[in-house]
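*Asks:* Just passing along the structure, written as structure tokens.
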Amino acid sequence: MYSPSAADKFTFGLWTVGHIGRDPFGEPTRLAKKPHEIVHFLAEVGAYGVNFHDNDLVPIDATPAERDQIIKQFKQALDDTGLVVPMATTNLFSDPAFKDGAFTANDPQVRAYALQKTMHAIDMGVELGAEVYVFWGGREGTETDAAKDPITAIKRSREAMNYLCHYVKDQGYNLKFALEAKPNEPRGDIYNATTGNMLAFIETLDLPEMVGVNPEVAHEHMAGLNFTHHVAQAIEQDKLFHIDLNDQAFGRYDQDFRFAAVNLKSAFFLVKLLEDSGYSGNKHFDAHAYRTSDYNDVKAFARGCMRNYLILKEKVARWNADSEIQAVLAEINADDGSMDQFVGAYSADKAAALKSLTFDRAALGQRGFPYEALDQLTVEILLGVR
Ligand code: GCO
Ligand code: MN
Ligand code: MN
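Each residue of the sequence shown is one higher than the one before, counting from 0 in numbering that gives the first Met the number 0.
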């Protein structure tokens with residue numbers, strides 16, 4: 000009943016189920032799988048697509064012959080399984096060359112190398128079918144603001160995005176960019192820290208229509224923010240080009256837990272937003288299994304991500320069809336139209352009329368709203384008793 004289908008557009012990065020359990024304190028706990036093996040692994044659990052950083056697929060120091068061999072094997076695995084590559088991205092954070100950032104690095108050679116690496120990675124992503132290209136600036140930040148002028152950093156980011164947008168246009172690629180914000184980790188502070196920052200930044204680019212966002216649950220949660228509200232802003236501006244689903248306890252390190260593993264209620268309202276708004280893009284699980292898992296348990300992790308989404312989707316349908324909930328919604332959203340003559344689109348007449356209208360402020364303050372009752376109905380649906 001909660002089995003994924005292609006229409007769900009559930010995707011995983013090579014680096015997610017392929018995560019070998021390394022953390023800042025310990026060595027890997029799982030043996031690495033080859034990219035083509037990961038494709039088969041994902042097909043087995045029922046995913047629709049696989050995403051990658053350039054170097055998840057082709058190591059940074061691979062020879063051209065090695066590159067060709069890896070891509071051939073990978074394409075064969077895609078053909079054999081029917082999996083697609085909807086998104087690709089660049090690793091601009093692992094190599095020591097990027098320790099001071101990529102597009103915002105102080106060294107002009109590093110900034111140029113970052114552009115070159117990204118163009119090659121875009122070519123490879125497009126060759127494998129990607130239509131969305133993600134930019135996550137993990138190293139684009141500082142530990143001390145003595146090191147970099149934050150205004151200069153914004154200008155460098157803009158220059159790089161403009162350069163790459165024009166490159167994509169010049170090549171005639173059918174590719175959109177999705178910018179992913181994160182407040183910190185691995186840098187002390189990362190520029191454009193939230194989805195809202197990214198949305199504002201995009202409007203300053205040469206080709207803003209090519210660029211949207213890739214919000215991630217954990218990233219807004221790390222900042223203590225309401226993720227659903229950020230996604231809503233992106234949807235309202237037609238900028239939700241991609242989404243990274245996972246989970247994260249507030250106030251902790253970057254956890255990348257299985258979707259809905261921690262904050263069930265936020266996950267419910269997120270799924271409700273995505274489903275009610277008709278979001279039809281990819282749903283990418285940017286998460287990884289516990290370090291204690293073996294690959295059997297990694298399957299449980301991957302299946303759990305998709306299953307939790309589908310279970311919550313069913314809860315959303317239940318919530319939307321619940322007559323008691325609908326009655327409360329009708330009550331709290333009631334509008335007899337009597338204010339229409341004063342508000343809405345501005346006119347001088349309306350403003351004049353509104354300024355002389357008298358309100359019964361005490362009565363407005365006394366009105367009760369049954370939000371406790373509504374929330375309890377929501378919780379009972381989530382707890383499975385309704
Ligand atoms: C993180 C990020 C990354 C990006 C990935 C794609 O916290 O490390 O979420 O996983 O999503 O690099 O750009
Ligand atoms: Mn993340
Ligand atoms: Mn991510």
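Cβ coordinates follow ideal geometry from the N, Cα and C atoms, glycine included.
Run the CB neighbour count on D53, radius 10 Å, all protein chains shown included, and call it buried at 16 or more, exposed below.
*Replies:* Buried: at least 16 other Cβ atoms inside 10 Å.
*Asks:* Is there a C-beta anywhere in chain C that falls below 8 Å from the one on Q170?
*Replies:* Of the protein chains in this structure there is only one, and it is not chain C.
*Asks:* Going straight from the alpha carbon of H39 to that of G17, what length do you get?
*Replies:* When rounded, the distance between both Cα atoms is 12 Å.
*Asks:* Would G277 be called buried (16 or more neighbouring beta carbons within 10 Å of its own) or exposed?
*Replies:* Exposed, because fewer than 16 other Cβ atoms sit within 10 Å of the Cβ of G277.
*Asks:* What are the boundary residues of the alpha helix (DSSP H) that A349 is part of?
*Replies:* The question names Ala, but residue 349 in the sequence shown is Lys. From DSSP, the alpha helix (DSSP H) with K349 extends over 347-354.
*Asks:* Measuring alpha carbon to alpha carbon, tell me which residue in V212, D293, D359 is nearest A180.
*Replies:* When only C-alpha atoms are compared, the closest one is V212.
*Asks:* Locate the alpha helix (DSSP H) running through A64, then write down its first and last residues.
*Replies:* Where A64 is concerned, the enclosing alpha helix (DSSP H) stretches over 63-80.
*Asks:* For T80, which residues in the same chain have their Cβ closer than 7 Å to its Cβ, ignoring the five residues on either side in sequence?
*Replies:* The residues are V38, H39, A42.
*Asks:* At a cut-off of 7 Å, would you count A372 as near ligand 2, judging by its Cβ distance to the nearest heavy atom?
*Replies:* Because no heavy atom of ligand 2 lies under 7 Å away, the Cβ of A372 does not count as near it: no.
*Asks:* Just to confirm, are N307 and A259 a CB contact at a threshold of 8 Å?
*Replies:* Yes, the pair counts as a contact, with Cβ atoms nearer than the cut-off.
*Asks:* State buried or exposed for E219, treating a residue as buried only when at least 16 other CB atoms are found within 10 Å of its CB.
*Replies:* So E219 ends up on the buried side.
*Asks:* Using beta-carbon positions only, say whether F256 and A286 come within less than 8 Å of one another.
*Replies:* It is a contact, given that the beta carbons lie within the stated cut-off.
*Asks:* Using a Cβ distance threshold of 8 Å, determine whether the region 18-27 contacts the region 279-294, with at least three qualifying pairs required.
*Replies:* These segments touch.
*Asks:* Who are the near neighbours of L373 in its chain, counting only those whose CB is closer than 6 Å to its CB and skipping five residues on each side?
*Replies:* V327.
*Asks:* Among V315, A129, L353, Y162, which has the Cα closest to the Cα of F268?
*Replies:* Of V315, A129, L353, Y162, the residue nearest in Cα terms is V315.
*Asks:* Ignoring anything shorter than 3 residues or poking outside the region 164-252, list the beta strand (DSSP E) runs there in chain order.
*Replies:* Correct list: 175-179, 210-212.
*Asks:* Just grab the DSSP bridge partners of A146 for me.
*Replies:* A146 is not bridged to any residue.
*Asks:* Based on DSSP bridge pairs, tell me the residues matched to H283.
*Replies:* For H283, which the question treats as bridged, DSSP gives the partners T10, D243.
*Asks:* Within its chain, find whatever has a CB closer than 7 Å to the CB of T62; leave out the 5 residues flanking it on each side and keep chain order.
*Replies:* Once the five neighbours on either side are set aside, T62 has no close Cβ partner at all.
*Asks:* Please state the DSSP three-state secondary structure of H39.
*Replies:* Correct three-state label for H39: helix.
*Asks:* Quick one: give me the first and last residue of the alpha helix (DSSP H) that G303 is part of.
*Replies:* G303 -> alpha helix (DSSP H) spans 294-320.
*Asks:* So what does DSSP say about V57, is it helix, strand or coil?
*Replies:* Of the three classes helix, strand and coil, the one that applies to V57 here is coil, per DSSP.
*Asks:* Assign H18 to one of three DSSP states: helix, strand, or coil.
*Replies:* Correct three-state label for H18: coil.
*Asks:* Find the nearest neighbour of A146 within the set N105, F240, H241, judged by alpha-carbon distance.
*Replies:* Closest by alpha carbon: N105.
*Asks:* Roughly how many angstroms separate the alpha carbons of V342 and A362, rounded to a whole number?
*Replies:* Cα to Cα, the separation comes out at about 20 Å.
*Asks:* Count the C-beta pairs between the region 83-94 and the region 112-127 that are closer than 8 Å, then say yes if the count reaches three, no if not.
*Replies:* Judged by Cβ distances under 8 Å, the region 83-94 makes contact with the region 112-127, as three or more pairs qualify.
*Asks:* Are there 16 or more other CB atoms within 10 angstroms of the CB of S156, so buried, or fewer, so exposed?
*Replies:* It counts as buried.
*Asks:* Could you give the DSSP three-state label for A111: helix, strand or coil?
*Replies:* Helix, per DSSP.
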